[in-house]
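In my numbering, the protein residues as written are 1 to 364.
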């Protein structure tokens, strides 16, 4: 008689997929904390010049056992470079030690080009504010059980945008700004643009760049009153005397008139049909409306991103289902199709960095 042995029963579904998913997820968390810790403890600032792990530990007051592993892990991520070469005198010493059976000279560690470009405080392309925003987002995800039960966090638009403007400016500064400005100049004769409205322009870097290209241009950054405080700081930083701010809420307030170009990028009004008549009215005949947004097809197939997008919402402007959408938005292609109803004729559409799309229209 065959005896049943429950220990020999195998599950109907192999566990490999679950194990690999969990291992990959936790590895990502470990790598995130590795970089975050290096920033928090100012390791990258200390490694502007090469140091051995022991020297770094002594200088910074770190544990000497953990630091070599810490540095090697950062090397594996491309955050640090390992310097194996030594000076000529030291090389002779090393050779003598090896012949005598002693341990070779330990490697030094120094910031990689990637780290020097994006993670040092004084770099013009520093991403410190961006990484701080990532930390706040990570903290929000730790509240996921609570949010699944109670719903998204409700935030006030003014303080929210005031807080992330520096993050958005850092991101934009690293390629998208330059690409977008050059693309506009290929499609619009910027020399003939005298008045420009940057709708929801936040940091104002687009307006500042346009104004630097055309000193005869008057540019106005229209955004919420708390945000324009930060905008003024960027205007002063870059010495853009021909750029000014207009505090307001474009959903409630008029945009004004007499503009040769209206520029809009990555703001809650980017797919809102109710704003199209205001934009058309603000433009002179023959004026240009240029919008830079992320089209729906680049976000709607990522449920994890959609969940992330919906973990928080504004009190007076609720989110839509997928990323970068609000309840007063329509699909981007539908929005573009509606522009012609108000005399804004589309004449060029281009895909740019980070899944964004730039659309050019001219007022008939």
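Beta carbons: idealized from backbone N, C-alpha and C, even for Gly. A quick note: this is a predicted structure, and the numbers were derived from the prediction, not measured.
Backbone CA spacing between residue i and residue j [nearest angstrom]
| i | j | result |
| --- | --- | --- |
| residue 60 | residue 49 | 14 Å |
| residue 354 | residue 78 | 22 Å |
| residue 222 | residue 326 | 20 Å |
| residue 265 | residue 110 | 38 Å |
| residue 149 | residue 341 | 43 Å |
| residue 174 | residue 252 | 33 Å |
| residue 313 | residue 153 | 6 Å |
| residue 158 | residue 68 | 45 Å |
| residue 14 | residue 20 | 11 Å |
| residue 89 | residue 72 | Because residue 89 sits at a pLDDT of 47, beneath the cut-off of 50, its placement in the model cannot be relied upon, and the point is left open. |
| residue 139 | residue 168 | 19 Å |
| residue 56 | residue 135 | 26 Å |
| residue 125 | residue 12 | 52 Å |
| residue 309 | residue 42 | 31 Å |
| residue 129 | residue 259 | 33 Å |
| residue 229 | residue 256 | 20 Å |
| residue 234 | residue 190 | 22 Å |
| residue 349 | residue 83 | 47 Å |
| residue 121 | residue 45 | 8 Å |
| residue 360 | residue 123 | 33 Å |
| residue 292 | residue 142 | 32 Å |
| residue 87 | residue 106 | Since pLDDT at residue 87 reaches only 46, below the 50 mark, its modelled position is unreliable, and the value read off the structure follows with that caveat. About 13 Å. |
| residue 32 | residue 17 | 23 Å |
| residue 181 | residue 285 | 22 Å |
| residue 132 | residue 164 | 10 Å |
| residue 151 | residue 302 | 20 Å |
| residue 25 | residue 232 | 41 Å |
| residue 64 | residue 28 | 25 Å |
| residue 307 | residue 315 | 18 Å |
| residue 47 | residue 236 | 32 Å |
DSSP-derived helix/strand/coil call for residue i
| i | result |
| --- | --- |
| residue 192 | helix |
| residue 143 | coil |
| residue 345 | strand |
| residue 56 | helix |
| residue 219 | strand |
| residue 72 | helix |
| residue 285 | strand |
| residue 316 | coil |
| residue 263 | strand |
| residue 302 | coil |
| residue 116 | helix |
| residue 257 | coil |
| residue 16 | helix |
| residue 109 | strand |
| residue 65 | coil |
| residue 9 | coil |
| residue 81 | strand |
Residue closest to residue i, alpha-carbon to alpha-carbon, out of the options
| i | options | result |
| --- | --- | --- |
| residue 363 | 280, 179, 81 | 280 |
| residue 311 | 209, 106, 147, 65 | 147 |
| residue 51 | 81, 34, 235, 22 | 81 |
| residue 287 | 24, 127, 346 | 346 |
| residue 225 | 290, 156, 66 | 156 |
| residue 34 | 66, 3, 7, 22 | 66 |
| residue 304 | 127, 112, 144 | 144 |
| residue 39 | 127, 344, 22, 113 | 127 |
| residue 112 | 133, 76, 132 | 76 |
| residue 248 | 227, 25, 236 | 227 |
| residue 179 | 238, 194, 205, 118 | 205 |
| residue 336 | 302, 282, 272, 213 | 272 |
| residue 296 | 213, 330, 315, 282 | 330 |
| residue 282 | 306, 261, 74 | 261 |
| residue 36 | 270, 25, 70, 63 | 70 |
| residue 294 | 74, 333, 8 | 333 |
| residue 186 | 290, 27, 232, 114 | 290 |
Close beta carbons around residue i, own chain, < 8 Å, minus the five adjacent residues each side
| i | result |
| --- | --- |
| residue 207 | 196, 198, 201, 219, 220, 221, 240, 243, 263 |
| residue 317 | 157, 251, 268, 326, 327, 328 |
| residue 183 | 350, 352, 358 |
| residue 161 | 202, 223, 224, 226, 227 |
| residue 117 | 123, 125 |
| residue 114 | 78, 79 |
| residue 58 | 64 |
| residue 137 | 308 |
Whole-Å CB distance - residue i paired with residue j, under 8 Å assumed
| i | j | result |
| --- | --- | --- |
| residue 209 | residue 177 | 6 Å |
| residue 338 | residue 276 | 6 Å |
| residue 217 | residue 188 | Not a contact, Cβ separation roughly 12 Å. |
Residues near residue i in its chain [Cβ-Cβ closer than 7 Å; skip 5 each side]
| i | result |
| --- | --- |
| residue 351 | 357 |
| residue 401 | One cannot answer for residue 401 here, as it falls past the ends of the chain, which runs 1 to 364. |
| residue 108 | 50, 51, 52, 83 |
| residue 343 | 280, 363, 364 |
| residue 270 | 264, 291, 293 |
Residues near residue i in its chain [Cβ-Cβ closer than 6 Å; skip 5 each side]
| i | result |
| --- | --- |
| residue 278 | 255 |
| residue 22 | none |
| residue 380 | As displayed, the chain neither begins before 1 nor continues past 364, which places residue 380 out of reach and without an answer. |
| residue 246 | 220, 222 |
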